[in-house]
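Working notes for the structure below.
Protein chains in written order, with the numbering used here: chain A, 1 to 840; chain B, 841 to 997.
Right, dumping it as structure tokens:
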């Protein structure tokens with residue numbers, strides 16, 4: 001058994017291997033390319049394809065076939081994809097491009113042929129590319145520009161033939177057809193000399209928009225006059241010269257050139273020119289320059305260079321990565337408007353030397369880790385508008401009245417990303433429009449008002465400057481301020497307080513990461529114009545609607561990364577109608593059903609809320625980290641069926657109670673009948689009640705009492721003297737026999753007439769004594785009207801009885817009547833039996 | 841049949857890692873210092889050599905490196921991670937290429953282009969501490985796509 005398995009294992013392995021590769025092969029043949037945009041963009045990089053895959057739809061506009069072994073492009077190669085606008089054929093081992101290879105690609109804008117060992121290009125290879133704007137033929141084994149059959153590509157804007165074997169700059173005649181050409185790169189070719197006539201096709205204004213890159217050609221010689229009468233947009237000559245003297249001679253060969261931007265220099269790892277000897281750039285005196293860029297030049301013999309000598313008429317000079325630690329001599333007539341020193345080696349701001357550039361408008365000295373000191377002051381620079389000293393390691397005191405009081409037009413000052421800046425004496429820069437101190441440690445800001453004279457300042461950035469705002473006068477004087485960024489600082493008591501009351505023009509305020517725990521009611525009271533507020537990364541627990549109410553112009557509110565649990569209904573109502581972006585992510589949101597209105601609101605305002613996927617519930621526990629917008633609101637609502645059941649039950653109950661109330665007597669009577677109670681069966685109760693009343697009240701008795709009780713349900717049988725007394729029998733006997741002995745109860749109708757009647761008094765007295773003999777409550781008193789108290793007092797027995805017993809009062813009002821009848825019926829029902837049985 | 845399934849499963853589990861394994865190349869092999877590297881880019885290997893390993897102890901030494909670009913490098917950043925016992929103890933990153941200041945010769949090159957860099961590298965440390973540790977180096981472009989990636993194993997006695 002084991003042996004068999006041992007034997008079959010390699011077979012299995014091979015089988016599985018075959019299955020695997022087969023499946024991979026199938027998968028790749030089914031769906032070889034990555035579809036980035038359906039029917040538009042397909043990426044088929046490195047899939048071992050040998051042609052355009054059949055699955056690519058004809059509507060495709062962007063196709064990347066790079067790193068596939070296409071070998072050769074035959075005619076009509078791309079006829080299946082005629083809508084192409086971008087075609088990448090990088091490293092496709094293409095050796096041959098036959099005529100009409102790109103037939104039908106009338107819309108193609110970009111063709112990339114990087115790193116293909118081309119040895120045969122058909123003279124009509126690029127035919128029908130009538131829209132082509134960009135052709136990249138880097139590392140393509142091209143040895144001459146004349147070999148490229150591109151003369152008919154009149155729409156061409158960019159031609160990149162870097163890293164080929166081109167050995168001459170001689171531009172063929174067809175370049176005069178390429179009137180839209182803006183960029184021609186011949187970087188890293190084999191051009192060793194430039195002669196008169198090479199650039200003949202660019203004579204006059206034809207090269208005016210052209211950027212010509214000749215960097216990394218080993219140029220030994222430029223014939224004087226080669227560039228005579230040529231006007232270029234940009235000329236780049238980095239790392240072209242093997243030593244100082246070649247460089248100097250070649251620059252002299254540029255004489256007569258007119259160029260907007262000239263780029264000279266080397267690279268970090270290529271430094272062949274030994275040093276900057278005197279007169280290295282003298283040739284530039286014969287060149288008309290707008291902008292001069294000098295990049296990656298390491299060897300300066302200090303104070304002996306003549307860097308600026310021939311840059312008198314240049315308006316912009318950029319020195320990038322230059323190992324210059326002192327400013328060279330400045331010619332008196334210098335017209336440099338803009339000077340930038342990026343990653344230079346100054347150890348101190350060379351303010352005194354730089355002050356010789358009298359025309360200077362923009363000065364930038366940035367990104368130098370050696371620049372630490374600022375001791376000299378700028379002397380009389382009447383035109384300086386922009387001073388950028390950011391990303392150095394400057395640390396200085398007396399900012400900035402001492403250094404800058406002779407730069408009256410200064411509008412933009414950037415001292416960000418430096419070490420320590422001590423502010424004292426204020427900033428006497430009346431014209432200043434923007435001021436940036438971010439990430440530099442600022443001393444003494446926050447306690448004294450230093451911005452008093454900056455009435456025109458619009459932009460102020462003091463983010464992460466270690467500022468502690470103690471005084472509410474810190475921002476005094478900033479009457480025009482529109483943007484205040486001060487993230488990463490702190491406030492007194494961690495409360496914004498009244499710091500911003502003077503900033504009535506403010507549009508943008510960033511107070512994120514300021515450890516805030518509170519916002520005062522009056523903080524935003526004068527910020528009616530504020531549009532953007534970032535108060536994220538603080539420790540705010542609530543959104544106090546009354547504090548934020550003045551912000552009626554607010555469009556963006558970032559409240560993320562606080563400790564907010566909920567926005568109350570009032571807060572939701574007070575949110576300004578102009579708001580288009582509200583960020584509540586990274587808060588401690590409470591998704592319990594108590595805050596249903598907030599949850600509902602959040603769902604309805606998905607377009608207003610940003611980073612909604614990060615708006616997760618913090619509580620209750622079982623919903624932790626659930627996205628708030630995915631929260632199921634229905635879990636908070638009772639189901640409709642349940643509600644129907646509840647309502648139905650309640651309604652039924654009410655109806656039931658009402659019915660019981662309404663038919664109380666019928667029911668009770670029925671119950672009595674059913675129970676068959678025979679407690680009083682032995683008694684001969686013919687009547688339910690004997691009515692004692694004055695004959696003058698007979699109207700009421702007949703109309704109300706008899707009518708209601710005898711004809712109502714349950715029917716009561718009343719004993720009435722005018723109806724039920726047997727004739728021929730003495731009145732007293734009738735009263736005793738028919739009245740008291742045959743009736744269970746006695747109803748006395750008390751009125752003034754009652755008290756006047758002798759028969760009534762007699763009957764009442766008998767009733768009282770009868771009640772006493774029977775030993776049960778049998779008299780029901782009905783007081784018909786307001787009785788005469790004097791009369792009542794005379795009837796001593798009655799008045800005492802009324803005082804001690806409850807009685808019914810008749811009032812001619814609907815509610816009182818209802819109650820009256822109810823009470824009376826209850827009293828009468830007491831002891832009622834089934835009439836039939838009771839009779840026997 | 842069961843056996844076949846198991847075999848397929850094992851193969852499928854290990855196949856991707858098998859396919860992305862690049863060989864370990866030695867850079868230095870001296871008495872007290874050994875350095876190896878291995879490409880951690882799943883797509884390709886790359887070539888690297890150091891001119892004279894003894895120089896590595898000095899401040900600046902020359903390297904030669906070559907690779908083929910799979911992506912454009914309008915911007916290029918380097919991230920170095922020192923790993924000891926599987927834990928990262930030091931991280932360093934820097935931008936090598938910016939569109940506005942192309943300091944190195946390879947800055948701004950496009951996809952498909954061959955890169956060959958020969959030049960000095962400054963480590964900024966004066967002594968390599970004793971022990972065995974890993975230095976992970978990654979180069980990535982403006983879209984955070986990997987340009988090159990290598991894990992160096994350094995053994996110092």
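Each residue gets a CB set at the ideal place from its N, CA and C atoms; glycine is no exception.
Please read these numbers as outputs of a predicted model, since none were measured by experiment.
- One thing to note: residue 109 (chain A) has its Cβ within 7 Å of the Cβ of residue 131 (chain A).
- Between the segment 730 to 746 of chain A and the segment 688 to 696 of chain A there are three or more inter-stretch CB-CB distances shorter than 8 Å, so the stretches are counted as touching.
- At a cut-off of 7 Å between beta-carbon atoms, residue 951 (chain B) makes contact with chain A.
- Taking 7 Å as the cut-off, the beta carbon of residue 951 (chain B) is found no closer than this to the beta carbon of residue 916 (chain B).
- Leaving aside the five residues that flank residue 342 (chain A) on each side, the residues in its chain whose CB is nearer than 6 Å to its CB run, in chain order, 320, 366, 367.
- Annotation: Cβ neighbours of residue 944 (chain B) in chain A (cutoff 8 Å, chain order): 267, 268, 269.
- Per DSSP, residue 400 (chain A) lies in no alpha helix (DSSP H) and is assigned neither H nor E.
- Residue 721 (chain A) counts as buried, since no fewer than 16 other beta carbons sit within 10 angstroms of its beta carbon.
- Excluding residues up to 5 positions away in sequence, 996 lie with their Cβ nearer than 8 Å to the Cβ of residue 969 (chain B) in the same chain.
- The beta-carbon distance between residue 946 (chain B) and residue 913 (chain B), rounded to whole angstroms, is 7 Å. This is short enough to meet the 8 Å contact definition.
- Closer than 7 Å to the CB of residue 959 (chain B) there is at least one CB belonging to chain A.
- A direct Cα-to-Cα measurement between residue 933 (chain B) and residue 441 (chain A) gives close to 24 Å.
- Residue 751 (chain A) is classed as buried because its beta carbon has at least 16 other beta carbons within 10 Å across all chains shown.
- Taking the Cα positions, residue 198 (chain A) is about 48 Å away from residue 379 (chain A).
- The Cβ-Cβ distance between residue 496 (chain A) and residue 467 (chain A) does not fall below 7 Å.
- For residue 85 (chain A), none of the residues of chain B pass the 9 Å Cβ criterion, the least Cβ distance being about 18 Å.
- Following the DSSP letters along the chain, one finds residue 594 (chain A) in no beta strand (DSSP E), marked with neither H nor E.
- Against chain A, the beta carbon of residue 954 (chain B) has neighbours under 9 Å at 115, 139, 163, listed in chain order.
- The shortest CA-to-CA distance from residue 170 (chain A) to any of A:182, A:214, A:209 is the one to A:214.
- Interface annotation for the segment 929 to 944 of chain B against chain A: 941, 943, 944, criterion Cβ-Cβ distance under 7 Å.
- The beta strand (DSSP E) runs lying completely inside the segment 216 to 246 of chain A and spanning 3 residues or more are 231 to 238, given in chain order.
- Inter-segment contact for the segment 480 to 492 of chain A and the segment 450 to 466 of chain A is present: three or more beta-carbon pairs are separated by less than 8 Å.
- DSSP, reduced to helix, strand and coil, places residue 991 (chain B) within a strand of the structure shown.
- Residue pairing of residue 961 (chain B) in beta bridges, as defined by DSSP: B:901.
- The C-alpha of residue 949 (chain B) is placed about 14 Å away from the C-alpha of residue 940 (chain B).
- Annotation: the continuous alpha helix (DSSP H) that includes residue 755 (chain A) extends over 752 to 756.
- The beta carbon of residue 582 (chain A) lies closer than 6 Å to those of 557, 608, 609 in the same chain, with the five residues before and after it left out.
- The DSSP-derived three-state label of residue 785 (chain A) is coil.
- Rounded to the nearest whole angstrom, the CA to CA distance from residue 807 (chain A) to residue 568 (chain A) is 58 Å.
- With 16 or more other CB atoms across the displayed protein chains lying within 10 angstroms of its CB, residue 778 (chain A) is buried.
- Annotated three-state conformation of residue 978 (chain B) is strand, per DSSP.
- DSSP, read as helix, strand or coil, puts residue 255 (chain A) in coil.
- Setting aside the 5 residues that flank it on each side, residue 118 (chain A) is surrounded in the same chain by 140, 141, each with a C-beta closer than 6 Å to its C-beta; the list follows chain order.
- Scanning the segment 707 to 778 of chain A from its first residue to its last, the whole alpha helix (DSSP H) runs of 4-plus residues come out as 707 to 711, 721 to 724, 731 to 734, 752 to 756, 758 to 774.
- Taking the CA atoms as reference points, residue 773 (chain A) sits about 22 Å from residue 795 (chain A).
- Between the alpha carbons of residue 988 (chain B) and residue 580 (chain A) lies a gap of roughly 43 Å.
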